[in-house]
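Worksheet: the structure to be examined is printed underneath.
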Amino acid sequence: MSERRQAASTLDGVVLLHGISRTARSFRRMELALRTAGFATLNLDYDSRRKGLDALAEDIHPSLDQFARSLDGSVHFVCHSMGGLLARVYLARHRPARLGRIVMLGTPNGGSEIADRLKNLAAYRAYFGPAGQQLVTRRDAATSALLPSIDYCAGIIAGNRSVYPITSIGLPRPHDGRVSVANTRLDGMADHIVIRTSHPWLVRNAEAIAQTIAFLQEGKFSTNRQVD
């Protein structure tokens, strides 16, 4: 695991957690925007394809705990796709004393229908590893236990465009090519918004970035929305 860290600050901080098979580089544009908005950042690389969510939560804990302790302000989370599930597992185990707000972009809170379709294929199992099996819509008891109900301020951004014309066939509409909008929703969420973009571009889309910053600052998304 590697990390990109900004120097300790008296400001609030943001932990960025990328999705499965991605890297911290995917969050670079978002990270720069967050820093410009005045947040310290911790952009973590973690081994998303080799371990399950429970082990990954323990892997990221030392760096995240050190970052949270270096701040005088709150620590927020911005997460893409499976990164949002990882944040939920982490917060159930290691909730920071000064937890701020959580933004999830394209997170399959209700599971991914794509994972349902591919979970038994040898190539899928080999490439996406243990965590890939935890992305399904019908979770086993062990995975469900890792993801209890939330009691913190979470905002969810979903996409409604696809760049996967073949693999997204059959996904319930609207969807972002990987996750249906319906399955991004989460009981107890503070706000939800739909952006005209696809799953991989949620972390780079200008509107998604602006709405992420708005939620971290205000606890709600901007009323100037593209789609709702």
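Numbers in this note's numbering are just positions in the sequence shown, counted from 1, shifted up by 24.
Just so you know, even glycine gets a beta-carbon here, dropped at the ideal spot from N, CA and C.
Item	Value
Straight-line Cα distance separating LEU40 from ALA32	Confidence at ALA32 is low in this model, with a pLDDT of 48, below 50, so its placement is unreliable and no value can be given for it.
Assigned exposure category for GLN90 - 16 Cβ within 10 Å defines buried	exposed
CA nearest to the CA of PRO86, picked from VAL102, SER98, ALA64 and ARG117	ARG117
Nearest-angstrom Cβ-Cβ length linking ARG209 and ILE180, presumed shorter than 8 Å	7 Å
Residue closest to VAL203, alpha-carbon to alpha-carbon, out of GLY212, ASP215 and ARG185	ARG185
DSSP three-state assignment for ALA31, whether helix, strand or coil	Caution is warranted here: a pLDDT of 48 is assigned to ALA31, below 50, making its placement in the model unreliable, and the coordinate value is therefore given only provisionally. Coil at ALA31, not helix or strand.
Residues near ALA238 in its chain [Cβ-Cβ closer than 7 Å; skip 5 each side]	PHE245 and SER246
ILE193 CB to nearest heavy atom of the ligand FAD below 8 Å	As for the ligand FAD, it is missing from this structure, which has no ligand bound.
Rounded C-alpha distance that separates ASP252 from ILE217	Caution applies to ASP252, whose pLDDT of 45 falls short of 50 and renders its modelled position unreliable; the value that the coordinates give is listed next. Distance between the alpha carbons of ASP252 and ILE217: 6 Å.
Secondary structure, alpha helix (DSSP H): runs of 4+ residues fully inside the stretch 137-166	137-142 and 146-157
Proximity of VAL187 and PHE101 at Cβ, strictly below 9 Å	no
Nearest-angstrom beta carbon gap, LEU80 and SER72 [assumed within contact, 8 Å]	7 Å
Per-residue DSSP class, three states only, for ALA121	coil
Neighbourhood of ALA182 by C-beta, 6 Å cutoff - its chain only, sequence neighbours within 5 removed	VAL205, THR208 and VAL218
For ASP78, the nearest candidate out of LEU115, ALA150, ALA121 and LEU145 (CA to CA)	LEU115
Residue closest to GLU155, alpha-carbon to alpha-carbon, out of LYS75, ARG163 and CYS103	First, the residue type needs correcting, since residue 155 is Ala and not Glu in the sequence shown. Cα-wise, what sits closest to ALA155 is LYS75.
Backbone CA spacing between GLY134 and THR161 [nearest angstrom]	6 Å
Among GLY243, LEU88, ASP211 and TRP225, nearest to GLY130 - alpha-carbon criterion	TRP225
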